[in-house]
Amino acid sequence: MTTVLERGNKMTPKGSKSTSHGAFNFIAGKWVRSPKGGSFENINPATEEVIDVYPDSTAEDVDQAVKAARKAFDSWRKVPVAKRGEILLKVMQVLVSQKEEIAKAMTREMGKILRETRGDVQEAIDTAFYYAGEGRRLFGQTTTSELPDKFSMSIRMPMGVCGLITPWNFPAAIPSWKVFPALICGNTVVLKPASDTPESSMRLVKALEEAGVPSGVVNLVYGRGSTTGKYLLEHPGVSLISFTGSSDIGSQIGASCGKSFKKCSLEMGGKNAQIVMEDADLDLALEGAVWGAFGTSGQRCTATSRVIVHEKVFKQFEERFVDRVKKIKVGNGLKDTTEMGPVVNKGQLEKVLEYIEIGKNKDKARLLTGGERYTEGECAKGYFLKPAVFEGTPKMRIAQEEIFGPVTVLLKVKSFEEAIQVLNDTAFGLSGSIYTRDVNRVMRAIRDMETGITYINAPTIGAEVHMPFGGVKQTGNGHREAGTAALDIFSDWKAVYVDYSGTLQRAQIDTHD
Ligand code: UN1
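Read left to right, the sequence shown gives residues 5 to 517 (my numbering).
Right, dumping it as structure tokens:
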């Protein structure tokens, strides 16, 4: 996904303005100001009103948070895993009881509609539930030895302090994909959330506090990616960085971690496609594409930013799709009737408008609907856009680059083989989908799509928390979040050999002497 951290929200210079309304960092179990830092405003993208002011943290703040996490690590790693699981279960209960207020706060600060922000909180709840259960598993292997009177097993070791850098599009779900598995594995964390969604992170951390997570185990520092995020990335006390954001920033983070030997998991961009074959259930494919392309105003890494349609049904699909997209109710996400909210901030709005221009004037794609701001009505204020549909060709920039907004491109193909080739023809490899009734094509698509997530007769969005999440090519660096896969990010394997023979036994040698 695009944006990393700071874009859009206004920063004020260091020391100029202190935070208001209890919007603080959380360090060593206390909500504290940034004594020397500046501040930034949390802005409602539907109204452009300032909700609150948060600290723009300094290197010193980050250092304190990392030191607190280091200190807490020594005892937290020894807390029995089952006990850590019980705490996560309590976190889940707190989140359940606060689901509605967190969802409302989230809609207010990042714009997506209430039904979706409820889903976002639910994803955090499901994640807490899942990793709480891991408290009674966290399995390793017990296995045989090649030598007599010798025992071998593998166990998971915690890593230490995890620096977690998270985006604004899933402000409860994505931090919880990182925080909860990190904690169950015995790590402590410093969370640096996107500055577009500070309140959602505060509420998540308050839920952890309320559930009884000991002081220093979870720390929260606000600020820009280029400063606060960088201090965290480069702090020698941090053992692991887990980042979700753009491929550009992810590549810089990966390089930095490579140099400093930090373990690093990156979840980045996507240019996901939905294929619609001539034998598809067109009604289903249509609803799937509308939801996949315009859910969350297209601001998901998994968003359907390309729809690849077989020529035999192209015209019919295009007409119906454009007709449906024109009817999407855009507005303030807090209103029940709204289907699509604003984009997250001014910078993002400008970026999407720039891509609309590129599509029209450089790519020479056909804009079939949308792509403008509203000039009147309730959407004239706020970062609202009319959902845009282009008809284009696979090599166009709008069909290759991640836009991260309510824009999708229809691409016409002649065959199943061409559809798969076009789907794979991008630098990214997160999510892909195919609508067809042909079981042979289904199996070939499963085999041939170069994506970390493949959907059959379902849209490109909607991953579940017990399944591995992530992608290939420039989407990731080989890790997967969620499910048991995330345990491999947040722990190191230790192989243990216990020799009870009372003699020196030499592996590989004594067995074949
Ligand atoms: C993201 O877009 O960054 O699969 C995460 C989905 C959601 C998570 C998306 N469960 O669309």
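Yeah, the Cβ is synthetic: ideal placement off N, Cα and C, and Gly gets one too. No experiment lies behind these values; they were computed from the predicted model shown.
Span separating the alpha-carbon of residue i from that of residue j
i      : j      : result
Lys330 : Glu343 : 12 Å
Trp497 : Met157 : 10 Å
Ile513 : Tyr501 : 17 Å
Val347 : Val83  : 42 Å
Gly41  : Leu414 : 47 Å
Glu45  : Ile55  : 7 Å
Thr488 : Leu92  : 16 Å
Pro39  : Ala69  : 14 Å
Met281 : Val209 : 45 Å
Tyr235 : Trp80  : 24 Å
Ser260 : Lys266 : 8 Å
Val194 : Cys166 : 6 Å
Trp295 : Lys108 : 21 Å
Arg112 : Lys263 : 40 Å
Thr147 : Phe77  : 30 Å
Thr23  : Leu357 : Unreliable positioning characterises Thr23 in this predicted model, as indicated by a pLDDT of 43, which lies under 50. A coordinate reading is not provided.
Lys385 : Ile362 : 24 Å
Lys364 : Glu405 : 15 Å
Ser442 : Asn191 : As written in the sequence, residue 442 is Asp, which differs from the Ser given in the question. If you take the alpha carbons of Asp442 and Asn191, they lie about 47 Å apart.
Arg160 : Arg510 : 26 Å
Asp65  : Lys275 : 37 Å
Ala467 : Cys305 : 11 Å
Ser219 : Val36  : 13 Å
Leu508 : Thr515 : 12 Å
Gly396 : Ala403 : 7 Å
Lys21  : Ser43  : With a pLDDT of 46 at Lys21, under the threshold of 50, the modelled position of this residue cannot be trusted, and the question is left open.
Lys355 : Thr170 : 20 Å
Ser251 : Glu90  : 36 Å
Lys521 : Val426 : The requested residue 521 is not part of the displayed model; the chain covers only 5 to 517.
Gly227 : Leu168 : 13 Å
Gly299 : Ala307 : 8 Å
Gly474 : Arg445 : 24 Å
Thr62  : Gly233 : 10 Å
Val311 : Thr412 : 7 Å
Asn349 : Tyr58  : 16 Å
Lys182 : Met471 : 14 Å
Residues bridged to residue i (per DSSP)
i      : result
Ser495 : Pro162
Lys267 : Leu244
Arg119 : According to DSSP, which records beta bridges pairwise, Arg119 is partnered with nothing at all.
Pro410 : Paired residues: none, contrary to the question.
Asp78  : Answer is none; Asp78 lacks a bridge partner.
Asn46  : Asp56
Glu395 : Arg370, Leu414
Gly433 : Val476
Asn276 : Thr308
Asn29  : Val36
Arg377 : Leu389
Val500 : Met157
Leu195 : Leu168, Leu224
Chain D contact for residue i (CB, 9 Å cutoff)
i      : result
Lys355 : Within the model displayed, chain D is absent; a lone protein chain is all it includes.
Any non-hydrogen atom of the ligand PLP closer than 8 Å to residue i Cβ
i      : result
Phe265 : The model on display carries the ligand UN1 but not the ligand PLP.
Enumerated in chain order, which unbroken segments of the beta strand (DSSP E) with a length of 3 residues or greater are wholly contained in the stretch 284-365? You should have 308-314.
Beta strand (DSSP E) segments (min. 3 residues) lying fully within the stretch 436-494: 457-460
Segment contact, 8 Å Cβ cut-off, at least three pairs: the stretch 107-117 with the stretch 334-348: yes
Please give me, in chain order, every unbroken run of the beta strand (DSSP E) with length at least 3 that falls completely inside the stretch 136-191. 145-147, 154-162, 165-169
Is it true that the stretch 173-190 meets the stretch 124-143, where meeting means three or more beta-carbon pairs spaced less than 8 Å apart? yes
Contact between the stretch 73-92 and the stretch 218-225 is defined here as three or more beta-carbon pairs at a separation below 8 Å; is this criterion met? Yes, since at least three Cβ pairs between the stretch 73-92 and the stretch 218-225 fall closer than 8 Å, the two stretches touch.
Report yes or no: do the stretch 455-465 and the stretch 431-441 share at least 3 C-beta pairs separated by less than 8 Å? A contact exists between the stretch 455-465 and the stretch 431-441.
Go through the stretch 211-238 residue by residue and report every complete run of the alpha helix (DSSP H) that reaches 4 residues or more, in order. Taking only runs of at least 4 residues, the alpha helix (DSSP H) segments lying wholly in the stretch 211-238 are 234-238.
Within 8 Å, do at least three Cβ pairs link the stretch 268-286 to the stretch 477-495? yes
Mind the definition here: the stretch 383-393 touches the stretch 363-373 only if three or more C-beta pairs lie below 8 Å; say whether that holds. Yes, the stretch 383-393 touches the stretch 363-373.
Please determine if the stretch 94-103 and the stretch 199-217 are in contact, where contact requires at least 3 C-beta pairs separated by less than 8 Å. yes
Check whether the stretch 273-292 touches the stretch 304-319, counting contact only when three or more Cβ pairs, one atom from each stretch, lie closer than 8 Å. yes
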